[in-house]
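Take a look at the structure set out below.
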Amino acid sequence: MSSIHNSEDMLPRTTYSRTSRRTCRWTGAKLIPLALCVVLGLLIRFAIPKPDKVSMQAWQLFAIFLTTIAGLILSPLPVGAWAFLCLTLTVITKTLPFATAFAAFTNEVIWLIVASFFFSRGFVKTGLGDRIAMYFVRWLGKSTLGLSYGLVLGEAVICPAMPSSTARAGGIFLPIIKSLSSSAGSQPKDDSARKLGAYLVQSQLQVSIIYCLSVQI
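So for the sequence shown, the numbering used here puts the first residue at 821; every next one is plus one.
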């Protein structure tokens, strides 16, 4: 097992400054996709004959539903804005009462998912996830196996607050693994890739799967 010295020096230096943050500005609705979605809903509601066994309220809800699906595909507005707009439309047109339309927002599972997204963004924005993983690597990174254990412990701490394995791998662990591997002479798409880099990636993959299954259980 190869020894790895000065693991702290191998860690990627991450700086968080206000100037590096990109401000995403909304440029407005996409008029053509918006018009197509509205026309689709109006055609279904007024141009297509309603089946005899379907009530007018159900047919109107069907038209709004297809408009919502079309908007999610064509993206005239951001997904959240479009979904909330269509949901509001069901209340304005009296297709559904307010309590029925917004009943899902009283579900505890929905707010648990929202809270998990808040925690995940907090980990990414503040760099806390990077710091936790780096500390474990610093403490245990005296050997290849130690580096793997450090990443495993970092995964164990971060996983409950960031349930998405894709977010953890792409936003936190992959940059650290890439930096460690490059410092040890293991480069991707090269014969040296099967040294430290392949080992750490495979180790992190297996651990991420196990932790995701444990969180779901």
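Think of the CB as a built atom: it goes at the ideal place given N, C-alpha and C, for glycine as much as any other residue. None of these values were measured; they are calculated from a predicted model.
Its Cα nearest to that of LEU863, the residue ILE884 stands out among LYS850, ILE884 and THR847. With fewer than 16 other Cβ atoms from the protein chains shown falling within 10 Å of its own Cβ, PHE925 counts as exposed.
Contact check for ILE996 and VAL957: beta-carbon distance about 7 Å, within the 8 Å limit, so the pair qualifies.
Residue environment analysis places MET982 among the buried positions, since at least 16 neighbouring C-beta atoms fall within 10 angstroms of its C-beta.
DSSP places SER895 outside both helix and strand once states are collapsed to three, so it counts as coil. Its Cα nearest to that of THR915, the residue SER875 stands out among SER875, GLY966 and CYS857.
If you compare the alpha carbons of GLN1007, SER1006 and LEU1025 with that of ARG988, the shortest gap goes to LEU1025. The distance from the Cβ of CYS906 to that of THR920 is about 15 Å, inconsistent with a contact at the 8 Å cut-off.
Judged by DSSP in its simplified three-state form, LEU909 adopts helix. Minimum Cα-Cα distance from GLU975 among the listed residues CYS1032, GLY848, LEU860 and PRO871 corresponds to CYS1032.
In the structure shown, ALA849 falls within a coil segment according to DSSP collapsed to helix, strand and coil. When the beta-carbon positions are compared, LEU1000 and SER968 stay at least 8 Å from each other. Rounded to the nearest angstrom, the gap between the Cα atoms of PHE882 and GLY891 is 14 Å.
Looking only at ASN927, THR964, ILE1030 and SER984, the smallest Cα-Cα distance to SER1003 is reached by THR964. Within 10 angstroms of the beta-carbon of SER1006 lie 16 or more other beta-carbons, which makes it buried.
Annotation: the continuous alpha helix (DSSP H) that includes SER1003 extends over 994–1003.
Counting along the chain, ALA919 sits inside the alpha helix (DSSP H) bounded by residues 918–921. Collapsing the DSSP output to three states places GLN880 in a helix. Linking CYS857 to SER895 through their CA atoms gives a straight-line distance of about 10 Å. The DSSP-derived three-state label of GLY942 is helix. Under the three-state reduction of DSSP, ILE864 is assigned to helix.
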